[in-house]
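Right, one structure below, let's go through it.
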């Protein structure tokens, strides 16, 4: 058990309760024992002077690929944990389209255990919807859930067949679990490398129409209504899909969604003259779509912000654009890029932190993301204005494939604690 | 560049050479995609300027294309070549290579992106015949979606003040083509009306297997250039084609071989002159380029 800890004079923000005030936070035996103004110094507690920096719950990242098992050359759990801690993330939901896919209860338990071994990161595994994430037959959703899978998804791969999606939504409902969809019609997206439009036309790149996202979102909303199942759309990137989701929520359908920082911070022009680090899936969109995503963070259409961390190594990316592997690393930049929306005035600070902590925790049914007394002391201390510059090659962890290379950001993590133990800073 | 190319046309026709210009320089034709025409044209251009010319054909059928590309770049760098002419089936491949090699890289066609020397030779051909580029109506017809020739020509000709139209079935016109500064037509009669130049594009067979057009005969019926459709253009309109032609698919032989209308052979001649001008400009070094 780590030494007791008193973090003094922080701006305590807990989006779970809306609490925002200056005060101290006391950690005893790895749990939050007390918080409030002017706590006395308990005997033997280590004292940290926060000097007004923000102390919030450790971030909950609801979508990240780990590279392990199967792609250790891209990222290992150890290196992902390092990057996560540097980014203030203490809980992370891991995608199942690894090699092997997480389609067996033993693999779910293994990932949970591997997370515990890091000592800094709780890994919440997603279970595969289909065996091998191949999109053919359902995996053992019940057994996966029993082993600790928080929800089901085929990761970067869309569940394409309507009948299969219907079955998955229907069956998962029996276990009270969500189906997380990569909303992109595979036949429309086939071979595509960039958002269809003027830029892709000029660069001679095969396009993916924005309609590929809207079509699958529309279909799955209808299937959620048919089955009364719960669908969650990952990394939503278009205005059109967001309008459909907004409408479905108004209609009382069990639909939720997240997005990732590239979709509210960058637009398609980031691919410039064939910059493969900005090749993502879904592709970066037009400026109108970026603005719509940013607005949907504030108005509640988007329920959470996830890193959508997709580690790639240099060989995956040093290719002609259409052949390069899509995906960007995102753990270390999750907080600061989200804070850019706060600095621009588009988003309130409380809402921004809610999207990164309690909101994803609730979506996953995870006990995390709050500063409640008695909760594990998973904490993130950050300076909201301190600037730094993203530099590919110098990010924590193994995956350096950031789409934000060169971006100047305000918001620096000063310290991260997992169950009261300092894991960063 | 066109003026410099013009001087090389005259030089080539006079039978003289200028073999000291690139003496001691090495030009490598690095072709990841077959193209006898373009490769030969660059080879001839290089040799006429006195360069040592090497041809490298690299198969792109190997498993890891990207690795081949960068490995090749490293190899070429070690050989200290001066001019690298690259043809690749992927858009942006020459950009990637240019970041990794010290040589001047010339794009000889990349995927569906650009084919700059083709556009230059087309512009030279047009300017020699019509005396100008500005104000001319140029209709580019057929598979615009997959055509690097179309993209480069649109870029160059609109810059030079021509009015460019594209004509083709909607499935072969890229998204938001109008953003390139062209007028879009799906009907040859309407699109060719008043055209000074009719530029046909090659329709590749695999486009049909991908279902973008149902059959070659249907394509020819609606978009193939024959004497009847050419009649919609101006009486003195010129017919161009970057080659190689699919006779009976996008162009009828009677039109392609009509010496009064077709300048297809002249395009080939201009190709050598334009490439000499490009090599000349680049070989003078970055300080003198452009």
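Chains as they are written, first to last, in my numbering: chain A, 1 to 425; chain B, 426 to 715.
Note that the Cβ used here is the ideal one computed from N, Cα and C, for glycine as well.
Min CB distance residue i to chain B below 8 Å
i, result
"residue 186 of chain A", "no"
"residue 196 of chain A", "yes"
"residue 273 of chain A", "yes"
"residue 322 of chain A", "yes"
"residue 118 of chain A", "no"
"residue 205 of chain A", "yes"
"residue 238 of chain A", "no"
"residue 201 of chain A", "yes"
"residue 285 of chain A", "no"
"residue 318 of chain A", "yes"
Close beta carbons around residue i, own chain, < 8 Å, minus the five adjacent residues each side
i, result
"residue 277 of chain A", "317, 328, 392, 401, 402, 403 and 405"
"residue 37 of chain A", "21, 22, 23 and 24"
"residue 488 of chain B", "Model confidence at residue 488 of chain B stands at a pLDDT of 46, short of 50, so the residue's coordinates are unreliable; what they give is reported in the following sentence. None."
"residue 518 of chain B", "457, 494, 511, 535 and 536"
"residue 188 of chain A", "208, 209, 211, 212 and 215"
"residue 560 of chain B", "586, 587 and 588"
"residue 689 of chain B", "664, 665, 666, 668, 670 and 681"
"residue 133 of chain A", "96, 97, 101, 103, 154, 155 and 157"
Cβ of residue i within 8 Å of any chain A Cβ
i, result
"residue 631 of chain B", "no"
"residue 443 of chain B", "no"
"residue 498 of chain B", "no"
"residue 495 of chain B", "yes"
"residue 605 of chain B", "yes"
"residue 521 of chain B", "yes"
"residue 608 of chain B", "no"
"residue 543 of chain B", "no"
"residue 600 of chain B", "yes"
"residue 533 of chain B", "no"
"residue 539 of chain B", "yes"
"residue 576 of chain B", "yes"
"residue 614 of chain B", "no"
"residue 482 of chain B", "no"
Whole-angstrom distance between residue j and residue i, CA atom to CA atom
i, j, result
"residue 293 of chain A", "residue 299 of chain A", "10 Å"
"residue 269 of chain A", "residue 199 of chain A", "8 Å"
"residue 397 of chain A", "residue 66 of chain A", "11 Å"
"residue 93 of chain A", "residue 57 of chain A", "16 Å"
"residue 29 of chain A", "residue 309 of chain A", "32 Å"
"residue 151 of chain A", "residue 390 of chain A", "32 Å"
"residue 114 of chain A", "residue 96 of chain A", "14 Å"
"residue 161 of chain A", "residue 135 of chain A", "8 Å"
"residue 445 of chain B", "residue 568 of chain B", "41 Å"
"residue 562 of chain B", "residue 621 of chain B", "5 Å"
"residue 627 of chain B", "residue 556 of chain B", "26 Å"
"residue 71 of chain A", "residue 79 of chain A", "12 Å"
"residue 469 of chain B", "residue 564 of chain B", "30 Å"
"residue 677 of chain B", "residue 464 of chain B", "26 Å"
Cut-off 7 Å between Cβ atoms - residues of its own chain near residue i, not counting five sequence neighbours on either side
i, result
"residue 256 of chain A", "232, 303 and 363"
"residue 264 of chain A", "290, 293, 294, 297 and 341"
"residue 170 of chain A", "227 and 229"
"residue 414 of chain A", "53, 381, 382, 383 and 425"
"residue 609 of chain B", "591, 598, 602 and 603"
"residue 705 of chain B", "429, 446 and 474"
"residue 482 of chain B", "456"
Identity of the residues DSSP links to residue i by a beta bridge
i, result
"residue 232 of chain A", "A:180 and A:256"
"residue 26 of chain A", "A:6 and A:34"
"residue 381 of chain A", "A:55 and A:415"
"residue 153 of chain A", "A:180"
"residue 539 of chain B", "B:535"
"residue 481 of chain B", "B:455"
Integer-rounded CB distance, given that residue j should sit under 8 Å from residue i
i, j, result
"residue 285 of chain A", "residue 210 of chain A", "6 Å"
"residue 587 of chain B", "residue 549 of chain B", "Contact doesn't hold; Cβ gap of about 13 Å is too wide."
"residue 374 of chain B", "residue 531 of chain B", "Because chain B is modelled from 426 through 715, residue 374 of chain B falls outside the range shown and cannot be assessed."
"residue 419 of chain A", "residue 376 of chain A", "5 Å"
"residue 236 of chain A", "residue 183 of chain A", "7 Å"
"residue 145 of chain A", "residue 175 of chain A", "5 Å"
"residue 478 of chain B", "residue 502 of chain B", "At roughly 18 Å, the Cβ-Cβ gap does not stay under 8 Å, so residue 478 of chain B and residue 502 of chain B are not in contact."
Chain-order list of residues whose beta-carbon lies under 6 Å from that of residue i (same chain, five-residue window excluded)
i, result
"residue 82 of chain A", "396 and 397"
"residue 386 of chain A", "412"
"residue 462 of chain B", "668"
"residue 606 of chain B", "583"
"residue 351 of chain A", "none"
"residue 33 of chain A", "26"
"residue 122 of chain A", "91 and 115"
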